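Enquirer: The structure under discussion is supplied below as structure tokens; questions concerning it will follow.
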Ligand code: SF4
Ligand code: SF4
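In my numbering, the protein residues as written are 13 to 459.
Okay, here's the thing in structure tokens:
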């Protein structure tokens with residue numbers, strides 16, 4: 013029995029096959045696995061989370077809007093033209109999963125809030141004791157839809173896209189100089205256009221807003237500088253002015269926050285977005301009031317290219333993960349499980365009990381709009397581990413299929429000699445190149 017108000021909405025599922033108990037708090041989203049044995053259970057008898065690809069096509073993607081905004085859609089929304097999931101198929105997923113599943117993450121190729129049966133989907137999920145959550149670009153968000161989210165959803169995530177890589181002029185990107193020889197003696201010595209309130213000191217802003225000559229600036233231009241006798245540091249960034257000219261992302265976040273929805277940000281971490289991620293974490297540059305910022309590792313899938321894959325020898329990668337490990341922010345920070353090799357490598361303060369590596373085929377699965385079950389949504393293009401669901405083939409059948417077992421074998425047998433194996437299991441079974449690890453024990457089991 014769990015006591016305390018916080019756990020009043022708790023639900024418990026006992027896994028008879030793998031001998032452990034899972035608790036889920038409907039209200040807060042807290043999720044705990046409790047087990048008697050020494051090791052964390054490798055998998056569950058039924059997924060705890062199903063990622064449902066409600067959308068088969070994306071109006072924004074097809075129109076070229078996403079490409080124009082620099083979004084490299086892993087579902088290839090530019091070319092995909094499949095039908096959205098039928099309501100009766102969605103209901104079948106819920107009927108199969110009732111009392112066995114805690115949460116559904118709605119997604120797919122497009123924004124779930126654009127689905128023709130959006131309200132019914134949310135209502136049917138909640139009426140059957142499962143919490144719906146979803147991710148959206150925010151393009152089609154309205155106050156009416158935000159009210160539905162408040163009524164039915166656990167949380168909604170809005171994808172926030174980096175703006176730095178949209179500027180062709182390199183000078184507008186991040187410049188970081190640390191010149192140990194020259195000592196700046198005065199403001200005039202420093203190559204900046206203006207300074208924060210005339211102060212020349214280590215600038216730390218609590219708000220991503222500041223004044224220059226009496227005018228308010230908000231993330232239009234951002235300068236950070238430090239100078240002393242021993243060293244000088246100067247950073248210069250330029251990004252869109254989001255407060256004075258709010259874009260659709262900011263508008264959607266505001267609508268959700270105004271409706272009282274627990275709102276998260278999804279931010280893709282890639283070669284071209286990591287500078288801005290560092291800046292936003294360091295200087296609190298995410299919208300006020302969000303619950304958490306979840307960083308998702310870029311994968312070269314769909315329209316995602318190899319050029320944008322983060323590399324381990326890039327000093328910014330170390331800087332980012334160390335920053336997150338040491339820096340306090342007014343919002344929570346989360347990662348997708350694809351980032352776990354980097355988290356276990358660089359973090360010293362993150363409690364490893366709160367970390368789990370790739371959960372695909374172990375605790376979660378993906379179901380595409382055409383009812384194809386996959387261990388992870390990033391297999392949506394190759395469909396190497398696909399199992400087609402039907403009246404004869406249930407979710408449980410897919411879960412126990414040779415395809416899903418083959419995928420699990422990568423996580424079971426990779427990197428046998430590594431001391432961090434239990435935490436990381438070798439990283440991503442689908443895209444080996446995204447695994448941010450260069451340990452000599454690293455060994456990918458191809459399945
Ligand atoms: S299979 Fe790869 S992309 Fe999918 S959740 Fe696991 S680590 Fe991430
Ligand atoms: S060697 Fe393998 S298990 Fe160990 S940290 Fe690297 S990827 Fe993870």
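Just so it is clear, CB atoms sit at the ideal spot from N, CA and C, and this is done for glycine as well.
The model shown is predicted, which means the values in this text are computed figures rather than measured ones.
Quick one: what does DSSP say residue 144 is sitting in, helix, strand or coil?
Expert: Reduced to three states, the DSSP call for residue 144 is strand.
Enquirer: Just list the residues that DSSP pairs residue 171 with in beta bridges.
Expert: Bridge partners of residue 171: 278.
Enquirer: Please state the DSSP three-state secondary structure of residue 458.
Expert: Coil.
Enquirer: So for residue 24, helix, strand or coil by DSSP?
Expert: Reduced to three states, the DSSP call for residue 24 is strand.
Enquirer: Do residue 318 and residue 312 come within 8 Å of each other at the CB atom, strictly closer than that value?
Expert: Yes, the Cβ-Cβ distance between residue 312 and residue 318 is below 8 Å.
Enquirer: So for residue 63, helix, strand or coil by DSSP?
Expert: If DSSP states are grouped into helix, strand and coil, residue 63 belongs with the strands.
Enquirer: Closer than 8 Å by C-beta to residue 137: which residues in its own chain qualify, once you throw out the five before and the five after it? Chain order, please.
Expert: Result list for residue 137: 106, 116, 143, 144, 164, in chain order.
Enquirer: Would you report the Cα separation of residue 437 and residue 155, rounded to the nearest angstrom?
Expert: One C-alpha to the other measures close to 43 Å.
Enquirer: Do you know offhand how far residue 269's Cα is from residue 374's?
Expert: Straight-line Cα distance between these residues: approximately 33 Å.
Enquirer: Please say whether residue 45 and residue 36 have beta carbons closer to each other than 8 Å?
Expert: Their beta carbons are not under 8 Å apart, which means residue 36 does not touch residue 45 by this criterion.
Enquirer: Rounded C-beta distance between residue 278 and residue 306? I'm assuming under 8 Å.
Expert: Their Cβ separation, rounded to whole angstroms, is 5 Å, which keeps residue 278 and residue 306 in contact under 8 Å.
Enquirer: Any contact of the segment 90-97 with the segment 145-154, i.e. 3+ C-beta pairs under 8 Å?
Expert: Judged by Cβ distances under 8 Å, the segment 90-97 makes no contact with the segment 145-154, as fewer than three pairs qualify.
Enquirer: In three-state DSSP terms, what is residue 97?
Expert: In the structure shown, residue 97 sits in coil (DSSP, three-state: anything other than H, G, I, E or B).
Enquirer: Just tell me which of 423, 397, 170, 363 has its CA closest to the CA of residue 124.
Expert: It is 170.
Enquirer: Helix, strand or coil: how does DSSP classify residue 377 here?
Expert: Three-state DSSP puts residue 377 in a strand.
Enquirer: Is residue 433 near ligand 2, with its Cβ less than 7 Å from a heavy atom?
Expert: Yes, Cβ of residue 433 sits closer than 7 Å to a heavy atom of ligand 2.
Enquirer: Between which residues of its own chain and residue 256 is the CB-CB distance below 6 Å, once the five residues before and five after are set aside?
Expert: Because residue 256 sits at a pLDDT of 42, beneath the cut-off of 50, its placement in the model cannot be relied upon, and the point is left open.
Enquirer: Mind checking residue 365: buried by the 16 CB within 10 Å criterion, or exposed?
Expert: Exposed, by the Cβ-count rule.
Enquirer: For residue 445, which residues from the same chain have a beta carbon less than 8 Å from its beta carbon, with the 5 sequence-adjacent residues on both sides left out?
Expert: Closer than 8 Å at Cβ, skipping near neighbours: 312, 318, 321.
Enquirer: Helix, strand or coil for residue 331, going by three-state DSSP, please let me know.
Expert: Looking at residue 331 - three-state DSSP - the assignment turns out to be helix.
Enquirer: If you measure between the beta carbons of residue 426 and residue 455, is that distance less than 8 Å?
Expert: In this structure, residue 455 lies closer than 8 Å to residue 426 by Cβ.
Enquirer: Are there any heavy atoms of ligand 2 lying less than 7 Å away from the beta-carbon of residue 312, as far as the coordinates show?
Expert: No; taking the cut-off as 7 Å, the Cβ of residue 312 has no heavy atom of ligand 2 nearer than that.
Enquirer: By the three-class DSSP mapping on this structure, what secondary structure does residue 304 have?
Expert: Strand, per DSSP.
Enquirer: Would you mind sorting residue 97 into buried or exposed? The rule is 16 or more other CB atoms within 10 Å of its CB.
Expert: Counting Cβ neighbours within 10 Å, residue 97 comes out buried, since at least 16 surround it.
Enquirer: I need the straight-line Cα distance from residue 114 to residue 60, nearest angstrom please.
Expert: Cα to Cα, residue 114 sits roughly 6 Å from residue 60.
Enquirer: Between the Cα of residue 32 and the Cα atoms of 173, 412, 51, which residue gives the shortest distance?
Expert: Residue 32 has its Cα closest to that of 51, out of 173, 412, 51.
Enquirer: Is the beta carbon of residue 304 sitting closer than 8 Å to the one on residue 346?
Expert: Yes; because the gap between Cβ atoms is below 8 Å, this pair is in contact.
Enquirer: Can residue 377 be considered in contact with ligand 2, in the sense that its beta carbon sits closer than 7 Å to one or more heavy atoms?
Expert: Residue 377: no, Cβ never under 7 Å from ligand 2.
Enquirer: Would you decide whether residue 458 is buried or exposed? Buried here means 16 or more other CB atoms lie within 10 Å of its CB.
Expert: Label assigned to residue 458: exposed.
Enquirer: In angstroms, rounded to a whole number, what distance separates the CA positions of residue 267 and residue 433?
Expert: Answer to the nearest angstrom: the Cα atoms are 42 Å apart.
Enquirer: May I ask you to check if the CB of residue 413 is nearer than 7 Å to at least one heavy atom of ligand 1?
Expert: For ligand 1, not one heavy atom lies less than 7 Å from the Cβ of residue 413.
Enquirer: Confirm the yes/no value for this check: CB of residue 334, any heavy atom of ligand 2, distance under 7 Å.
Expert: For ligand 2, not one heavy atom lies less than 7 Å from the Cβ of residue 334.
Enquirer: On a CA-only basis, which of 369, 398, 419, 395 is nearest residue 53? Give me that one, please.
Expert: It is 369.
Enquirer: Shortest alpha-carbon distance to residue 65 belongs to which of 72, 151, 391, 157?
Expert: The shortest C-alpha separation from residue 65 is found at 391.
Enquirer: Would you mind reading off the limits of the alpha helix (DSSP H) that contains residue 292?
Expert: Where residue 292 is concerned, the enclosing alpha helix (DSSP H) stretches over 286-294.
Enquirer: Once you ignore the five residues that flank residue 126 on each side, which residues in its own chain have a CB closer than 6 Å to its CB?
Expert: Excluding sequence neighbours, residue 126 sits near 152.
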